[in-house]
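Note sheet for the following structure.
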Amino acid sequence: MNILIALLPAIGWGVMPLVTGKVGGRPVNQIFGIGAGTSIIGLIAFLITRPSVNLTAFCFALLCGALWTIGQIGQFISFKRIGVSNTFPLSTVFQLVGNSIIGVLIFGDWPGAKAKIIGVIALIIVIVGALCTSVSDQKGGKVSMKDALFLLCTTVGFWIYSSFPNIPIIKAQSGTSMFLPEMLGILLGAVIYGFFADRRSFTQREQYLNIIAGLVWGVAGLSYIYSAQANGNTSAFIWTQLSVVIATFGGILILHEIKSHREMMYTIAGIVLIVLGSIATSFA
Numbered sequence: 001m002n003i004l005i006a007l008l009p010a011i012g013w014g015v016m017p018l019v020t021g022k023v024g025g026r027p028v029n030q031i032f033g034i035g036a037g038t039s040i041i042g043l044i045a046f047l048i049t050r051p052s053v054n055l056t057a058f059c060f061a062l063l064c065g066a067l068w069t070i071g072q073i074g075q076f077i078s079f080k081r082i083g084v085s086n087t088f089p090l091s092t093v094f095q096l097v098g099n100s101i102i103g104v105l106i107f108g109d110w111p112g113a114k115a116k117i118i119g120v121i122a123l124i125i126v127i128v129g130a131l132c133t134s135v136s137d138q139k140g141g142k143v144s145m146k147d148a149l150f151l152l153c154t155t156v157g158f159w160i161y162s163s164f165p166n167i168p169i170i171k172a173q174s175g176t177s178m179f180l181p182e183m184l185g186i187l188l189g190a191v192i193y194g195f196f197a198d199r200r201s202f203t204q205r206e207q208y209l210n211i212i213a214g215l216v217w218g219v220a221g222l223s224y225i226y227s228a229q230a231n232g233n234t235s236a237f238i239w240t241q242l243s244v245v246i247a248t249f250g251g252i253l254i255l256h257e258i259k260s261h262r263e264m265m266y267t268i269a270g271i272v273l274i275v276l277g278s279i280a281t282s283f284a
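Each residue of the sequence shown is one higher than the last, beginning at 1 in our numbering.
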């Protein structure tokens with residue numbers, strides 16, 4: 001049962017971009033669907049568990065959820081530009097490297113020389129893996145420097161979201177108590193984005209069909225909380241790295257993103273390196 005719980009986040013987060021790809025719509029439709037779907041799961045979880053919530057922590061969680069949408073919108077736009085199979089590995093690496101650097105510089109992660117050496121080597125492996133997945137037979141490559149920089153800049157939303165559990169007032173709260181405000185924050189960010197990007201999106205069919213993807217993401221997010229409790233933070237994190245495998249090869253097989261034989265070989269090698277490097281960072 002614990003392994004099943006550990007697999008759910010990886011499956012959900014890996015499948016989500018495939019669902020949005022199949023449902024269609026623009027990033028403004030997709031981010032709203034994620035926000036609405038996750039809020040539904042958050043509300044159901046709250047009604048079942050009835051956790052106590054500190055108002056200040058609630059507001060922090062709401063804000064961080066809203067800022068998370070910056071990273072997810074960047075992903076959705078990149079899915080359209082360079083495809084899921086190119087975006088997801090690169091985004092995973094940007095998140096891992098950024099979160100690791102923030103953890104070391106601000107929160108004191110990787111204490112001691114040995115931990116830092118292991119961590120740096122692991123990040124180098126991850127970066128090499130990302131470079132492998134970006135290999136292209138096309139002149140100029142499928143992933144331009146402009147595309148990569150855009151994805152990197154929007155990943156700041158993911159960095160903030162990943163860092164906020166280290167804030168003392170949040171540490172004192174349970175994961176279930178923070179889940180609903182985080183999800184409501186995602187919905188708030190999505191609504192604000194839709195209001196400024198295209199108000200007509202709220203009348204479009206794809207806006208609400210993408211709630212399916214939000215439900216998938218929400219179940220994955222809730223499962224991660226229970227996986228961390230059942231399996232420990234390190235094991236729970238390791239299992240989530242399978243999401244990059246599901247999303248990348250799902251993009252190729254299900255969304256029919258084309259890769260040559262050479263590109264496919266490099267992609268497979270790159271994914272293996274990203275997963276191994278990600279696992280290694282958890283032992284630093």
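Here a beta-carbon is modelled for each residue, glycine too, at the ideal position from N, C-alpha and C. Here the structure is a predicted model, which is why all the values come from computation and not from measurement.
If I'm right that I238 touches S282 with Cβ under 8 Å, what's the distance once you round it to whole angstroms? Start at 1 with the first residue of the sequence shown, and residue 238 comes out as number 238. Start at 1 with the first residue of the sequence shown, and residue 282 comes out as number 282. Confirmed, about 6 Å.
Which word fits F196, buried or exposed, when buried means at least 16 other C-beta atoms lie within 10 angstroms of its C-beta? Within the sequence shown, the letter at position 196 stands for residue 196. Result: exposed.
Check whether G37 and W217 have beta carbons under 9 Å apart: By one-based count along the sequence shown, residue 37 stands at place 37. By one-based count along the sequence shown, residue 217 stands at place 217. Contact flag set, yes.
What ranges does the alpha helix (DSSP H) occupy inside the stretch 109-183, keeping only unbroken runs of at least 4 residues that lie completely in it? 113-133, 145-154, 156-163 and 168-171
Between G185 and F32, which are expected to be in contact by the criterion C-beta below 8 Å, what is the C-beta distance as a whole number of angstroms? Position 185 of the sequence shown holds residue 185. Position 32 of the sequence shown holds residue 32. 14 Å between Cβ atoms; not a contact.
Of the residues I3, I5, P9 and M1, the one placed nearest A220, counting alpha carbons only: The count along the sequence shown starts at 1 and reaches residue 220 at position 220. That would be P9, whose Cα lies nearest to the Cα of A220.
Can you have a look at I211 and say buried or exposed, based on whether 16 or more other CB atoms are within 10 angstroms of its CB? Along the sequence shown, read from residue 1 onward, the residue named residue 211 stands at position 211. With 16 or more Cβ atoms within 10 Å of its Cβ, I211 is classed as buried.
Which of the three DSSP states, helix, strand or coil, is assigned to K259? The count along the sequence shown starts at 1 and reaches residue 259 at position 259. Residue state, collapsed to three classes: coil.
Among F249, K114 and F150, the one whose alpha carbon lies nearest that of I77: As a working mapping, residue 77 is identified with position 77 in the sequence shown. Among F249, K114 and F150, the Cα nearest to that of I77 is on F150.
In terms of residue numbering, what span does the alpha helix (DSSP H) encompassing N29 cover? Numbered from 1 along the sequence shown, position 29 holds the residue referred to as residue 29. That run of the alpha helix (DSSP H) goes P27 to T49.
Compute the beta-carbon to beta-carbon distance between I274 and T92, rounded to the nearest angstrom, for a pair I have assumed lies under 8 Å. Taking the sequence shown and counting its residues from 1, one reaches residue 274 at position 274. Taking the sequence shown and counting its residues from 1, one reaches residue 92 at position 92. About 6 Å separates the two Cβ atoms, so the contact holds.
Which term fits S174, buried or exposed, when burial requires 16 or more other beta carbons within 10 angstroms of its beta carbon? Counted from its first residue, the sequence shown places residue 174 at position 174. With fewer than 16 Cβ atoms within 10 Å of its Cβ, S174 is classed as exposed.
Along the chain, where does the alpha helix (DSSP H) that runs through Q95 open and close? Along the sequence shown, one-based indexing puts residue 95 at 95. It spans V84 to I106 - the alpha helix (DSSP H) in which Q95 sits, taken as one unbroken run.
G108 versus K171: straight-line alpha-carbon distance, rounded: Locating residue 108 in the sequence shown gives position 108, where the first residue counts as 1. Locating residue 171 in the sequence shown gives position 171, where the first residue counts as 1. Rounded to whole angstroms, G108 to K171 spans 15 Å at the Cα level.
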